[in-house]
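Asker: Sending over a structure as structure tokens; questions will come in a sec.
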Amino acid sequence: MSDSKKTHWGEFVVEAGIRVMGFSTIGFVLLIFSFLLREGVPVFLKVSPANFLGVRWYPTFGLFGMLPLILGSMLVTVVAVTIALPLGVATAVFVREVAPNWAREILKPMIEVLAGIPSVVLGFFGMTIVAPMVRETLGVPTGLTAFAGALILAYMSLPTIISVAEDALDAVPNSYRDAALAMGATQWQTIWRVVVPAARSGIVTAVMLGMGRAIGETMAVMMVTGNAARMPLSLNALFRPVRTMTATIAAEMGEVARGSVHYHALFGIGIALFVLTFLVNLTAARVIFTKRRKGGLR
Amino acid sequence: MNRYQVQRIGFAALSLAALIVVLPILMVIASIVLRGIRAIGWEFLTAMPREGMKAGGIFPAVVGTLLLTLGTAVVCIPIGVGGAIYLAEYARDTWWTRAIRLAIVNLAGIPSIVYGLFGLGLFVLFLQFGTSLVAGSLTLAIMTLPVIISTAEGALRAVPTEFRTVSYSLGGTRWQGIRRIVLPQALPGIITGVILGLLRAVGETAPILFTVAAFYLPRLPHSLFDQTMALPYHLYVISTQVPGMPEHIQYGTALVLLAVVLSMNLVATVIRSYFRRRRQW
């Protein structure tokens, strides 16, 4: 009797522990946000809004305009997703609908390998090989440009886009395909007119998640984009150096004095990044949750 | 143009896209292997860096990465697997459970540099661990949690409900069923998830920038509260911060990092496919 009582108590402790671990993720998110706020909010008190919404980021002169950094991140991200979206969706369709088995056996592990390559390695590759290529083919003074960064970022977001898009295609019931084929459509017509439109919401999720990945990427972007905090306003800004929010934090945090305005400003950028990626992922998750409520069909 | 010709063109375009995706991956790996291989040798892996990193080896960076990965594993495996057990076996579909899922999605999406800021704010400064192995490992552990939780939950859910029902019907408690039946069955999947999570920790640079990484420290760390060099940060330093760095050392370091990550990837794949084939259900 006492023995069984002991196991009962042990079990109670274990299950309580598991419950705590389950809820710990909520705690971590709150902890992260509160520490960003703690270190970042002072900048909004010490620096006037006109200053940090300004167009110049020169911390040594007390100028903390985040606009060039935000636009830099947006430019690189948008171009990266524009490149990665068609490539990623086409690859997902190829893998899921068309590819012969042997091609699938090669493609899927290759994409996993790409997902595993550390960003600093891709950044190194971008610096030593992609940037010189960009410089020579486009005849620009330096290859370390927004465009080179966007290229690298596109490949970094491909694994996310491909795997989410593939899941979306998987979720399209086979009866859709059978019905289209039975009505005399070719396989291509089935894919183009039935399967891909049916997977639309999942593909939107894929793009959102890929975008979230691209906004937050740090090392590769810092090594490849040339890091000039200029406003990217004209179209050829794409072929000039640019500076992103992430790269600014990574490059400058090592050198600032703890507690200085500059230090708090970098945490301020961190808050902006946290909120931005939170919104992007929330939108993506909403699509996932609504899909689940309606069951398999959209 | 009839619709079969359209189909042929369409399929050709799809295969072209796949090719455009795959070729650069091969190019990255080939260029790093070809240019890095001549740096690799016993000395490169086991010697201290000399002459401002322009000669000698990368031993402290290799050891540092190993220690960091170990520290990360110690923290994130129990929390991650526990969290997955809660979600897969205990949680009902309530408002709270949805909040947990949202938190996981959010954790997975937070940029790595923001983890770095958080680690600096909480572990390095507030808890006064300093730039240390502890601070770096804890930061990396929180970053890898979402990967481990979601893959482990998937592995647990893949175990058929009947296994649990049979355990109940034999008089087992819920925890006994989980511990003796469900966990062992899900173990290969969980291990795969853990490896994939740690793989991310091995390669990340941004979270360790301000929490643990040392620019140039040609010795091993003395304690858990000591700084250390680490492979990804070392690659960043020697490719951007040190002028006149010999190319073969840069490529050699990139190759070592790539080899570590790819072999972990391979192990995870092998475990997954081996057990998937042997599985009886």
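Chains F and Y supply the protein sequences, listed in that same order. My numbering numbers the first residue of the first sequence as 1 and each following residue consecutively. My numbering numbers the first residue of the second sequence as 1001 and each following residue consecutively. The beta carbon of each residue, even a glycine, is placed where N, CA and C say it ideally should be. Here the structure is a predicted model, which is why all the values come from computation and not from measurement.
Whole angstroms are fine: how far does the CA of Y/Ala-1013 sit from the CA of F/Leu-53?
Answerer: If you number the first sequence from 1, residue 53 of chain F lands on position 53. If you number the second sequence from 1, residue 1013 of chain Y lands on position 13. Cα to Cα, F/Leu-53 sits roughly 44 Å from Y/Ala-1013.
Asker: For chain F, is any of its Cβ atoms less than 8 Å away from the one on Y/Thr-1336?
Answerer: Since the first residue shown for chain Y is 1001 and the last is 1281, residue 1336 of chain Y is missing from the structure and cannot be characterised.
Asker: Alpha carbon to alpha carbon, how far is F/Leu-282 from Y/Pro-1049?
Answerer: Within the first sequence, the letter at position 282 stands for residue 282 of chain F. Within the second sequence, the letter at position 49 stands for residue 1049 of chain Y. Between F/Leu-282 and Y/Pro-1049, the C-alpha separation is close to 45 Å.
Asker: Distance check for Y/Ile-1079 and F/Ala-16, CA to CA, integer angstroms please.
Answerer: Locating residue 16 of chain F in the first sequence gives position 16, counting from the first residue. Locating residue 1079 of chain Y in the second sequence gives position 79, counting from the first residue. Those two C-alpha atoms are separated by around 13 Å.
Asker: Just to confirm the assignment, what range does the alpha helix (DSSP H) spanning Y/Glu-1162 have?
Answerer: The residue you call residue 1162 of chain Y lines up with position 162 of the second sequence. 1161-1169 is the extent of the alpha helix (DSSP H) around Y/Glu-1162.
Asker: Indicate whether Y/Val-1081 and Y/Ala-1152 have their beta-carbon atoms separated by less than 8 Å.
Answerer: As a working mapping, residue 1081 of chain Y is identified with position 81 in the second sequence. As a working mapping, residue 1152 of chain Y is identified with position 152 in the second sequence. Yes, these two residues count as a Cβ contact at 8 Å.
Asker: Cα separation between F/Ala-352 and Y/His-1222?
Answerer: Within the shown structure, residues of chain F are numbered from 1 to 298, placing residue 352 of chain F beyond reach of any answer.
Asker: Pairs of beta-carbons, one from the segment 139-150 of chain F and one from the segment 94-101 of chain F, closer than 8 Å: are there three or more?
Answerer: No, the segment 139-150 of chain F is not in contact with the segment 94-101 of chain F.
Asker: By Cβ distance, which residues of its chain are closer than 8 Å to F/Leu-69, with the 5 residues on each side in sequence left out?
Answerer: Within the first sequence, numbered from 1, the residue matching residue 69 of chain F stands at position 69. Here the set comprises Trp-57, Ala-229, Arg-243, Thr-244, Met-245, Thr-248 and Ile-269.
Asker: Who are Y/Gly-1119's beta bridge partners in DSSP?
Answerer: Taking the second sequence and counting its residues from 1, one reaches residue 1119 of chain Y at position 119. Answer is none; Y/Gly-1119 lacks a bridge partner.
Asker: Let me confirm a value: Y/Trp-1095 is counted as buried when at least 16 other C-beta atoms fall within 10 Å, else exposed. Which label applies?
Answerer: Position 95 of the second sequence, counting from 1, holds the residue named residue 1095 of chain Y. That one is exposed.
Asker: Using a beta-carbon distance below 8 Å, is F/Gly-149 in contact with chain Y?
Answerer: Translated into positions along the first sequence, residue 149 of chain F becomes position 149. With 8 Å as the cut-off, F/Gly-149 does not count as an interface residue toward chain Y.
Asker: Name, in chain order, the residues that DSSP records as bridge partners for Y/Trp-1095.
Answerer: Within the second sequence, numbered from 1, the residue matching residue 1095 of chain Y stands at position 95. In the DSSP output, where bridge partners are listed per residue, Y/Trp-1095 has none listed.
Asker: Roughly how many whole angstroms lie between the Cα atoms of F/Val-224 and F/Leu-238?
Answerer: The residue you call residue 224 of chain F lines up with position 224 of the first sequence. The residue you call residue 238 of chain F lines up with position 238 of the first sequence. Approximately 13 Å between the Cα atoms of the pair.
Asker: Give a yes or no on whether the C-beta atoms belonging to Y/Val-1114 and F/Gly-116 are separated by under 8 Å.
Answerer: Taking the second sequence and counting its residues from 1, the one referred to as residue 1114 of chain Y is at position 114. Taking the first sequence and counting its residues from 1, the one referred to as residue 116 of chain F is at position 116. Cβ atoms of Y/Val-1114 and F/Gly-116: not closer than 8 Å.
Asker: What residues from chain Y crowd round F/Ile-203, counting only those whose CB sits closer than 9 Å?
Answerer: For the purposes of this step, residue 203 of chain F is identified with residue 203 of the first sequence, where counting begins at 1. In chain order: nothing, as chain Y lies at least about 14 Å away.
Asker: Using a Cβ-Cβ cutoff of 8 Å, what residues of the segment 243-262 of chain F are near chain Y? List them in chain order.
Answerer: Cβ contacts with chain Y come from Thr-246, Ile-249, Ala-250, Met-253, Gly-254 and Arg-258.
Asker: Counting Cβ pairs closer than 8 Å, one from the segment 1170-1182 of chain Y and one from the segment 1195-1212 of chain Y, do we hit at least three?
Answerer: Taking 8 Å as the limit for Cβ pairs, the verdict is that the segment 1195-1212 of chain Y does not touch the segment 1170-1182 of chain Y.
Asker: Looking at C-alpha atoms only, which residue of F/Arg-193, F/Val-55 and F/Ala-90 is the closest neighbour of F/Ala-165?
Answerer: The residue given as residue 165 of chain F occupies position 165 in the first sequence. Closest option to F/Ala-165, Cα to Cα, is F/Ala-90.
Asker: Please name the residue in F/Ala-92, F/Leu-153, F/Ile-18 and F/Leu-235 whose C-alpha comes closest to that of Y/Leu-1016.
Answerer: The count along the second sequence starts at 1 and reaches residue 1016 of chain Y at position 16. With distances taken between Cα atoms, Y/Leu-1016 lies closest to F/Ala-92.
Asker: I want to see whether chain F comes within less than 8 Å of Y/Phe-1118, judged by CB atoms only; does it?
Answerer: By one-based count along the second sequence, residue 1118 of chain Y stands at place 118. Closer than 8 Å: yes.
Asker: So that I know if they touch, is there some Cβ in chain F lying closer than 8 Å to that of Y/Ser-1223?
Answerer: Numbered from 1 along the second sequence, position 223 holds the residue referred to as residue 1223 of chain Y. Closer than 8 Å: no.
Asker: Anything in chain F within Cβ reach of Y/Thr-1269, meaning under 8 Å, just list it in chain order.
Answerer: Within the second sequence, numbered from 1, the residue matching residue 1269 of chain Y stands at position 269. Ordered by position in chain F, the residues that pass the 8 Å Cβ test against Y/Thr-1269 are Pro-109 and Glu-112.
Asker: Using 8 Å for Cβ pairs, my map puts Y/Gly-1083 next to F/Met-222. What's the rounded Cβ distance?
Answerer: As a position in the second sequence, residue 1083 of chain Y is number 83, starting the count at 1. As a position in the first sequence, residue 222 of chain F is number 222, starting the count at 1. Y/Gly-1083 to F/Met-222, Cβ: 32 Å. No contact.
Asker: So what's F/Val-47 in DSSP terms, helix, strand or just coil?
Answerer: Sequence index remark: in the first sequence, residue 47 of chain F carries index 47 (1-based). Coil, per DSSP.
Asker: Out of F/Gly-184, F/His-264, F/Ile-152 and F/Ser-201, point me to the one whose CA is closest to F/Asp-170's CA.
Answerer: One-based indexing of the first sequence puts residue 170 of chain F at position 170. The residue with the shortest Cα to Cα distance from F/Asp-170 is F/Ser-201.
Asker: Taking Cβ-Cβ distances shorter than 9 Å, what residues in chain F pair up with Y/Val-1022?
Answerer: On the second sequence, position 22 is the one that residue 1022 of chain Y refers to. Those are Thr-91, Ile-106, Leu-107, Met-110, Ile-111 and Leu-114, listed as they occur along chain F.
Asker: Kindly say whether Y/Trp-1175, judged by its beta-carbon, lies nearer than 8 Å to any beta-carbon of chain F.
Answerer: Translated into the one-based positions of the second sequence, residue 1175 of chain Y becomes position 175. By this cut-off, Y/Trp-1175 is an interface position.
Asker: I'd like to know if F/Arg-177 contacts chain Y, where contact means its C-beta is closer than 8 Å to some C-beta of that chain.
Answerer: To locate residue 177 of chain F, count along the first sequence from 1; it is residue 177. Not closer than 8 Å to any Cβ of chain Y, the Cβ of F/Arg-177 fails to qualify, so no.
Asker: Return yes when the C-beta of Y/Leu-1087 is under 7 Å from any heavy atom of the ligand SAM, and no when it is not.
Answerer: No copy of the ligand SAM occurs in the structure displayed, which carries no ligand at all.
Asker: Please identify, using Cβ separations under 7 Å, the residues of the segment 1219-1243 of chain Y that lie next to chain F, in order along the chain.
Answerer: So the close ones are Pro-1232, Leu-1235, Tyr-1236, Ser-1239 and Thr-1240.
Asker: Using a C-beta to C-beta distance shorter than 7 Å, which residues of chain Y count as neighbours of F/Thr-218?
Answerer: The residue labelled residue 218 of chain F in the question sits at position 218 within the first sequence. Chain Y residues near F/Thr-218: Pro-1111, Ser-1112, Ile-1113 and Ala-1206.
Asker: Tell whether a beta-carbon distance below 8 Å holds between Y/Val-1062 and Y/Val-1256.
Answerer: On the second sequence, residue 1062 of chain Y is found 62 positions in, with the first residue counted as 1. On the second sequence, residue 1256 of chain Y is found 256 positions in, with the first residue counted as 1. In contact: Y/Val-1062 and Y/Val-1256 (Cβ atoms closer than 8 Å).
Asker: Going along chain C in order, which residues have a C-beta closer than 7 Å to the C-beta of F/Phe-61?
Answerer: As a matter of chain content, chain C is missing from the structure shown, whose protein chains are F and Y.
Asker: Could you have a look at Y/Arg-1003 and say whether DSSP puts it in helix, strand or coil?
Answerer: Reading the second sequence from its first residue, position 3 is the one you call residue 1003 of chain Y. DSSP places Y/Arg-1003 in helix when its eight states are reduced to three.
Asker: Hey, how far is the Cα of Y/Val-962 from the Cα of Y/Leu-1122?
Answerer: Residue 962 of chain Y lies beyond the residue range present for chain Y, which begins at 1001 and ends at 1281; the question has no answer from this structure.
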